[in-house]
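Residue numbers (the working numbering): 10 to 150.
Ideal Cβ positions, reconstructed from N, Cα and C, are used throughout, including at glycine.
Quick caveat: nothing in here was measured; it's all calculated off a predicted structure.
A short worksheet on the structure shown next.
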């Protein structure tokens, strides 16, 4: 009888407890159920040129082993773009490491956004993309 009472109390306590939060994706952002990981740069990072971007994306983000990476100013002006290149076989649904290098010139600290976009050569709407806010810093003279 004591076991039953303890079991009922445990279930009652569990039912009243707030649900455990699922673990967050490590340095990643979920876009439509797909996790894109940006290992570098981190959100809000102060970056200089060339900006090295690295992380992991699902294989279906790539076309011919690349997808677009851009740096845009706060008003949407594209100031740098380069392909994010798969670092191994991209013809998979599994996560694939990628690297991109974007070169830019600024005269003062400039808020910007790194945009990574799924490559869809069909041109159909609905491309997935993620954004990472950064601060562009002039090169040391």
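- For residue 102, the CB contacts under 6 Å within the same chain, skipping 5 residues up- and downstream, are 68 in chain order.
- Between residue 116 and residue 77, the C-beta spacing is not below 7 Å.
- Taking the Cα positions, residue 92 is about 6 Å away from residue 75.
- Between the region 126-141 and the region 95-114, the count of C-beta pairs closer than 8 Å stays below three; the two stretches do not touch.
- Distance from the CA of residue 104 to the CA of residue 66, rounded to the nearest whole angstrom, comes to 5 Å.
- For the pair residue 56 and residue 44, the Cα-to-Cα distance works out to about 24 Å.
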